[in-house]
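Input: a single structure, listed below in C-alpha cells.
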Amino acid sequence: MKHKGKFGEFGGYYVPELLIPPLEDIEQAFYQYKDDKDFVAELSNLYADYAGRPTPLYFAERFSEYVGYNVYVKREDLLHGGAHKVNNTLGQCLLAKYMGKKKIIAETGAGQHGLATAMTGALLGMETKIFMGKIDVERQSVNVHKMRLCGAEVIPVAGGTGTLKDAINEALRYWTANVEDTFYVFGSVCGPHPFPTVVKHFQSPIGTEARAQCMEKLGKLPDMVTACVGGGSNSIGLFSAFVADESVRIVGVEPAGKGLATDQHAASLAAGRVGVFHGSKSYLLQDDEGQVHETECVSAGLDYPAVGPEHCHLKDSGRAEYVTVTDEQVLDAFETFTRTEGILPALESSHAIAHLIALKGKLAAETNVVLNLSGRGDKDVGIVETYRPLA
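Note that the UniProt record's numbering numbers the sequence shown so that position 183 is 183, with each residue one more than the last.
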C-alpha cells in the first residue's frame, strides 16, 4: 500500500500490490505527455473537431426570469455524445495510445462515460469493454445500444445493487487480471492516484473556458458557480478554474434521493463518514459497522456511495459549499428548465438546477451564476415518464 496524490487527508493510493505498477505507469505517462507538444496538439484537435469544444456559455433568459437572478449555462450537453464525459475519454484513451495500449476498459452508471469510451475506442481503433450494473443496463438501454453499435462489449454486472459501484468493483477485478495489455479509463475524479488528478486535468477545459467566457460576456467573474456532484468530475472541471478566486462562491449539489432522513440517498459529503473505497480515502456512505451503504438516486450517474477526494478537501477547507436536493425537486427542475428554455437537462445536471430553483427569492437580481449543464436529458426521458407520466 502507498499513499500518493493526496488532497489534504483525502485521496491516496490504497490498492493491491499488483495494481501499483500499472498505476505508476499511468502516472509517469500522464506527467510525460500532458504538456508534450505533439500530445497537446493532437488532443486539442480532437477536442475542437471531434468533440465540439469550446462549448457556449448561454444566458438562460426565461429561466433567469423565473428564479429572479442571472443564470449562465455552460453547454457541455452539446458535446459529441451528449455529455462532458468525452473530454476525459479523449484524454485518457489518447494517453493509452501513446503508452502503446490497444485494449481499454471502463465502468459506467448513466451510460454516458461508457458511451464516450466506446466512441473514443472506435475512433482510435481500440478493443473496448464496458462494465455496467445490471440495473443501469435496464434503465439506460439506449446508451447500451449505442455502445454496442460502436463495437464495444457491454458486460452487465449482477452483483451487489447492480449499479455503478458494482461496475467499478468488476472493472477493477478485470483490470487486476489483465494489466499487461489493458488501460482502465476511469470515469470520475475518484479511485486511486493518479485517476483523480488525471480526470480533473482532462475536464479542466470546462472551467477554463467558462472563466474566459465570463470575462468576455460579463467583464468580470461570476458570483457563483455550481454543478451536480456524484463522483464529481464535471463539477471539479468547472470549479478548478475558480478555486483561487475567493469572491466566487463554489456550490456542489448532491443527491438526497428520497430524503436524508430515509437513508435512501447518495449524499456522501452531507451524510457520509471518512473511509477508504475503490482505492481512495474520501467521505463514504457506510453503516455503523463500516459496511458500504446502498444508495438511491433518480439519476444513474450520481448513484454512488463515495465522492472524489478533492471535493472532500474543498468541503473540509471551507472553500466550497455542498448542498442536497431530493428526487422530487430534481424531477420538478427537469420539467421547469425544459419548459422555460426548451433544453432537456440530464437528471444529473437537474440536481444543480433544482438548487438554483431553491434559491429563488434569496439572491439579488444582479447576481450572476454559472451552471454546468453536464449532459443532455434525452437518455432520461423514459425515467421521467415513469415518475411523471404525461396526461
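Glycine is no exception: its CB is placed at the ideal position from the N, C-alpha and C atoms.
Return the residue from the list Y66, I20, S44 and S235 that minimises the CA-CA distance to L363.
Counted from its first residue, the sequence shown places residue 363 at position 363. With distances taken between Cα atoms, L363 lies closest to Y66.
When you compare only the Cα positions, how much space is there between residue 440 and V384?
Beyond the ends of the chain as shown, which are 1 and 391, falls residue 440; an answer cannot be given.
Note down the Cα distance separating A210 from G231, rounded to an integer number of angstroms.
In the sequence shown, counting from the first residue as 1, residue 210 sits at position 210. In the sequence shown, counting from the first residue as 1, residue 231 sits at position 231. Their Cα atoms are separated by approximately 21 Å.
Thinking just about the alpha-carbon of each residue, which of I236, Y387, I343 and D288 is nearest to the one in R62?
Taking the sequence shown and counting its residues from 1, one reaches residue 62 at position 62. For R62, the nearest C-alpha among the options comes from I343.
Out of V189, A116, D166 and R148, which one is the CA nearest neighbour of D204?
Within the sequence shown, residue 204 is the residue found at index 204, counting from 1. Asp is not the amino acid found at residue 204; the sequence shown has Ser there. Nearest to S204 by C-alpha distance, out of V189, A116, D166 and R148, is V189.
The beta strand (DSSP E) spanning C228 covers which residue range?
Counting from 1 along the sequence shown, the entry for residue 228 is found at position 228. Start and end: M224 to C228.
Between the stretch 369 to 378 and the stretch 229 to 247, do at least 3 Cβ pairs fall closer than 8 Å?
Between the stretch 369 to 378 and the stretch 229 to 247 there are three or more C-beta pairs closer than 8 Å, enough to call the two in contact.
Run the CB neighbour count on M215, radius 10 Å, all protein chains shown included, and call it buried at 16 or more, exposed below.
Position 215 of the sequence shown, counted from the first residue, corresponds to residue 215. Exposed is the call here.
Consult DSSP for R388 and reduce its assignment to one of helix, strand or coil.
For this step, residue 388 is matched to residue 388 along the sequence shown. Under the three-state reduction of DSSP output, R388 falls in the coil class, being neither helix nor strand.
In the DSSP assignment, find the alpha helix (DSSP H) that holds R139 and state where it starts and stops.
Indexing the sequence shown from 1 puts residue 139 at position 139. Here the alpha helix (DSSP H) through R139 covers K134 to R139.
Do T93 and A118 have their CB atoms nearer than 7 Å?
Taking the first residue of the sequence shown as 1, we reach residue 93 at position 93. Taking the first residue of the sequence shown as 1, we reach residue 118 at position 118. The amino acid at residue 93 is misidentified as Thr; the sequence shows Cys. Not a contact, by the Cβ cut-off of 7 Å.
Can K129 and G162 be called in contact, C-beta distance under 7 Å?
Here residue 129 corresponds to residue number 129 of the sequence shown, with the count starting at 1. Here residue 162 corresponds to residue number 162 of the sequence shown, with the count starting at 1. The answer is no: Cβ separation not under 7 Å.
My parser needs the alpha helix (DSSP H) runs of 4 or more residues fully inside the stretch 67 to 152; what are they?
85 to 98, 112 to 124, 134 to 139 and 141 to 149
In chain order, what residues of the same chain lie with their CB nearer than 6 Å to the CB of K2, ignoring the 5 residues before and after it?
Taking the sequence shown and counting its residues from 1, the one referred to as residue 2 is at position 2. The pLDDT assigned to K2 is 49, lower than 50, so where the model puts this residue is not dependable, and the model offers no usable value.
Just to confirm, is the Cβ distance from A270 to T324 under 7 Å?
Along the sequence shown, one-based indexing puts residue 270 at 270. Along the sequence shown, one-based indexing puts residue 324 at 324. In this structure, T324 lies closer than 7 Å to A270 by Cβ.
Give the straight-line distance between the Cα atoms of A212 and E341, rounded to the nearest whole angstrom.
By 1-based counting over the sequence shown, the position of residue 212 is 212. By 1-based counting over the sequence shown, the position of residue 341 is 341. One C-alpha to the other measures close to 24 Å.
Tell whether a beta-carbon distance below 7 Å holds between N88 and L115.
Counted from its first residue, the sequence shown places residue 88 at position 88. Counted from its first residue, the sequence shown places residue 115 at position 115. No; because the gap between Cβ atoms is not below 7 Å, this pair is not in contact.
Identify the continuous beta strand (DSSP E) that holds G252 and give its terminal residues.
Locating residue 252 in the sequence shown gives position 252, counting from the first residue. That run of the beta strand (DSSP E) goes R249 to G257.
How would you write the range of the beta strand (DSSP E) that R319 sits in, first residue to last?
Along the sequence shown, read from residue 1 onward, the residue named residue 319 stands at position 319. R319 -> no beta strand (DSSP E), and no H or E assigned at all.
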